[in-house]
Amino acid sequence: MFAACWIGVLLWIGAATATLAQQPAPSAPLAALQLSPEQPAVALANRSRAWIDPTGFRTADQVEAMAASLPWSVHQEGRRYELEDKALWLQFDAAIRGDRHFFLQITSSLVQKAQLFYRANDGKWVGQEAGTATAVSDWPVPGRYPTFELAPATADGSPVRYWLRIEQEHVAFAAPLRVYEASRLLANRERGQFVLGAYFGLASLILLGAIVNAIAHRDRHFAVFAFYVAALAAGQLAALGLGEQHLWDGWTGWNEIATFLLPGISSAAGLWFARNVSEPARFSRALDLAVWSVIAALLSAAALDTALALPSSYLLLMVLKLVAIAVVAGLILMAWRHGQDPEIGLIALGFVPLLATEVVRAMASLDLVSASPLTRDVLLLGGVAGLPLLFYALSLRSSHRREAQLRAAALARDDALTGIAHDRTLLQRLEGAVARAQALKQRCALITLKIANFEALEAEFGREAADRALVVTASLLRRAATDIDLEARVGDHHFALLLESPTTAEHAMNRAQELVARGLRPSTALPGGAGVKFHVAVALLPHEQLDAKASLHWLLDAVNAMPPEARKVIRAMNF
């Protein structure tokens with residue numbers, strides 16, 4: 000009930016705003032624009048007159064003949080014109096000083112048809128046409144936005160009268176109109192292309208990374224994120240005029256559909272992605288079904304708007320987009336407050352700029368805020384800020400999940416407590432090391448050690464402290480091992496370090512002394528900063544006819560035979 004009331008209020012506000020926008024104010028004659036290099040950019044707001052042709056069929060000849068009797072009103076910046084089955088005519092005069100060229104630009108990619116007329120020196124009409132109903136390659140000045148070249152400067156400097164006719168159904172027309180000198184227009188276009196290229200380059204990299212992660216790790220969250228990024232980029236390509244300019248030039252029918260259809264699909268994709276990362280089914284099955292219902296409603300509204308192409312259908316789509324934004328925000332907030340996902344905070348932070356920019360765009364479409372360059376290109380700002388954060392958060396989540404999977408898989412070869420190899424892995428590796436040493440006539444070394452004060456630590460501080468001593472020992476072994484060595488836990492408090500060939504007795508003894516010295520240092524991981532005392536046995540292998548298992552038992556027996564208070568804690572077995 001509350002949602003229905005809210006939608007009704009928004010519809011009433013939009014209708015009221017549109018009605019006010021249609022009310023003309025009487026216009027006095029306007030002075031001609033004086034165009035010169037000193038003024039490279041001039042707005043037509045308050046410098047041109049507007050009149051809506053209710054029939055939508057009058058020609059430039061007819062409007063020129065009727066001009067004195069028509070109810071013109073001064074065109075104002077941000078004014079919205081509802082043009083369903085109508086045509087907007089704008090009239091202005093402009094005089095050019097100098098030999099520069101000037102262009103009129105309609106800063107909108109939604110214009111269905113725009114035509115500029117003026118009379119040449121011989122009195123004949125010169126006409127130019129652009130808009131979504133015309134292929135960009137056929138525009139007088141191809142680009143993102145409809146652009147027309149003004150007449151050259153007259154010999155006597157007198158102004159030329161221009162008539163601009165605009166057709167735009169589906170949504171109200173409120174685009175800024177600017178006259179630019181040629182160099183300023185070129186600079187604006189180059190700057191815009193640079194910014195857009197950087198943005199879509201970033202979006203492409205994020206999309207590629209998401210696809211690679213989805214395939215390589217079979218991660219459904221990355222798969223849905225990849226679809227969302229692709230849908231968002233496609234919607235922006237259509238809304239910003241880049242798709243028509245570079246990708247589907249000449250597909251005029253598709254261009255008129257894509258401009259409104261693709262942004263609607265991207266909103267549904269965003270809600271689908273938010274559902275996947277927040278997993279509302281964990282909290283309520285009904286809530287999950289409600290989210291699916293909103294997604295279905297969004298897609299249905301986008302399809303309906305594509306089929307009908309009416310202001311009312313577009314208004315319904317915008318209202319549903321606002322509802323979807325509220326649902327996304329609610330899902331992320333609920334998962335943040337009640338979930339156990341450590342990355343949900345980063346995901347929420349990534350959604351903030353995207354949702355904020357979507358709200359601004361939707362409110363501009365509903366006439367709740369005035370149209371401006373910020374509301375037109377605001378999605379780029381949200382994407383630059385939000386998409387990298389979302390990708391990073393998903394990467395962290397994926398790495399944590401893979402880490403858990405790797406740990407589970409490693410239990411077959413590693414010790415669960417210390418994370419280093421267990422005795423079976425060591426024996427397999429030791430067999431190969433001994434065989435290679437025999438074949439190459441070299442020596443490898445095996446160091447075994449026992450935690451001599453293990454029972455004392457357990458008796459004084461408990462089993463947890465004793466387990467910490469095991470972890471500390473494993474850490475010391477990792478530091479002592481090189482990339483080709485192997486550290487392992489081979490008993491309750493017994494460890495081994497395999498030094499691959501070629502090695503020497505001196506090198507093996509130095510490694511053993513290093514382990515003993517590091518173990519005696521106070522450790523913050525143990526109660527009272529206690530240290531770990533080791534009894535160590537070292538041997539060069541192969542030794543006599545002992546195989547890998549016999550060699551390991553030989554060294555373990557040696558460390559176990561050492562008395563608890565032995566003064567010599569390192570025993571060289573065969574050197």
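Each residue of the sequence shown is one higher than the one before, starting from 0 at the first, in numbering that gives the first Met the number 0. Each residue gets a CB set at the ideal place from its N, CA and C atoms; glycine is no exception. Computed from a predicted model, the values in this text were never measured in an experiment.
Buried versus exposed, by CB contacts within 10 Å (16 or more), residue i
{"i": "GLN22", "result": "Unreliable placement is indicated for GLN22, whose pLDDT of 41 sits below 50; no coordinate value is reported for it."}
{"i": "GLN90", "result": "buried"}
{"i": "PRO563", "result": "exposed"}
{"i": "ASN45", "result": "exposed"}
{"i": "ASN452", "result": "buried"}
{"i": "ALA24", "result": "With a pLDDT of only 42 at ALA24, under the threshold of 50, the placement of this residue in the model should not be trusted, and no figure is reported."}
{"i": "ILE450", "result": "buried"}
{"i": "MET65", "result": "exposed"}
{"i": "HIS399", "result": "exposed"}
{"i": "GLY252", "result": "exposed"}
{"i": "HIS492", "result": "buried"}
{"i": "VAL41", "result": "buried"}
{"i": "GLN235", "result": "buried"}
{"i": "ARG517", "result": "buried"}
{"i": "ALA295", "result": "exposed"}
{"i": "ARG190", "result": "exposed"}
{"i": "ALA473", "result": "buried"}
{"i": "ARG423", "result": "exposed"}
{"i": "PRO262", "result": "buried"}
{"i": "LEU416", "result": "exposed"}
{"i": "GLY13", "result": "Here the model assigns GLY13 a pLDDT of 42, short of 50, so the residue's position is not dependable, and the following value carries that caveat. That one is buried."}
{"i": "SER107", "result": "buried"}
{"i": "ARG219", "result": "exposed"}
{"i": "GLY7", "result": "A caution first: GLY7 carries a pLDDT of 43, below 50, which makes its placement in the model too unreliable to give a value."}
{"i": "VAL558", "result": "buried"}
{"i": "THR575", "result": "With the chain covering 0 to 574 only, the question about residue 575 has no answer from this structure."}
{"i": "GLU180", "result": "buried"}
{"i": "SER364", "result": "buried"}
{"i": "ALA129", "result": "buried"}
{"i": "ASP98", "result": "exposed"}
Cross-strand partners of residue i (DSSP beta bridge)
{"i": "ALA444", "result": "LEU498, LEU539"}
{"i": "PHE101", "result": "GLU180"}
{"i": "ILE256", "result": "DSSP, once it has assigned bridges, lists no residue as partnering ILE256."}
{"i": "ARG488", "result": "HIS421, PHE494"}
{"i": "SER72", "result": "ALA49"}
{"i": "ARG118", "result": "TRP124"}
{"i": "GLN90", "result": "ARG48, TRP162"}
{"i": "ILE95", "result": "LEU34"}
{"i": "LYS112", "result": "GLU166"}
Beta-carbon gap between residue i and residue j smaller than 7 Å
{"i": "SER277", "j": "LEU315", "result": "no"}
{"i": "ALA420", "j": "LEU485", "result": "yes"}
{"i": "VAL489", "j": "HIS534", "result": "no"}
{"i": "LEU354", "j": "ALA328", "result": "yes"}
{"i": "LEU497", "j": "LEU551", "result": "no"}
{"i": "VAL228", "j": "ILE205", "result": "yes"}
{"i": "ALA347", "j": "TRP335", "result": "yes"}
{"i": "LEU539", "j": "PHE574", "result": "yes"}
{"i": "LEU297", "j": "SER265", "result": "no"}
{"i": "GLY349", "j": "GLY385", "result": "yes"}
{"i": "PRO158", "j": "ALA59", "result": "no"}
{"i": "PHE102", "j": "LEU32", "result": "no"}
{"i": "THR305", "j": "LEU379", "result": "no"}
{"i": "CYS443", "j": "ALA434", "result": "no"}
{"i": "LEU332", "j": "THR447", "result": "no"}
{"i": "PRO145", "j": "ILE95", "result": "no"}
{"i": "ARG143", "j": "GLN38", "result": "no"}
Which ranges does the beta strand (DSSP E) cover as unbroken runs of at least 3 residues, wholly within the region 129–157, from first to last along the chain? 146–148
Three or more C-beta pairs closer than 8 Å, one from the region 467–486 and one from the region 522–529: is that the case here? yes
If we count Cβ pairs, one from each stretch, closer than 8 Å, do we get three or more for the region 52–68 versus the region 132–140? no
Any beta strand (DSSP E) of 3 or more consecutive residues that is wholly inside the region 19–69: 32–34, 40–42, 48–52
Count the C-beta pairs between the region 336–349 and the region 268–282 that are closer than 8 Å, then say yes if the count reaches three, no if not. yes
Three or more C-beta pairs closer than 8 Å, one from the region 259–271 and one from the region 156–166: is that the case here? no
To test your reading of the DSSP string, which unbroken alpha helix (DSSP H) runs of 4 or more residues are found completely within the region 331–398? 343–364
Would you check if there are 3 or more beta carbon pairs closer than 8 Å linking the region 97–115 to the region 195–202? no
How about the region 71–83 and the region 116–126: do they share at least three Cβ pairs that are nearer than 8 Å? no
Can you find at least 3 beta carbon pairs, one from the region 386–396 and one from the region 498–514, that sit closer than 8 Å? no
Three Cβ pairs or more, each shorter than 8 Å: is that satisfied between the region 83–102 and the region 213–228? no
Can we say the region 145–153 touches the region 278–290, given the rule of at least three CB pairs closer than 8 Å? no
Whole beta strand (DSSP E) elements within the region 513–557, 3-residue minimum: 533–540
Alpha helix (DSSP H) runs contained entirely in the region 201–260, provided each spans 4 or more residues: 219–238
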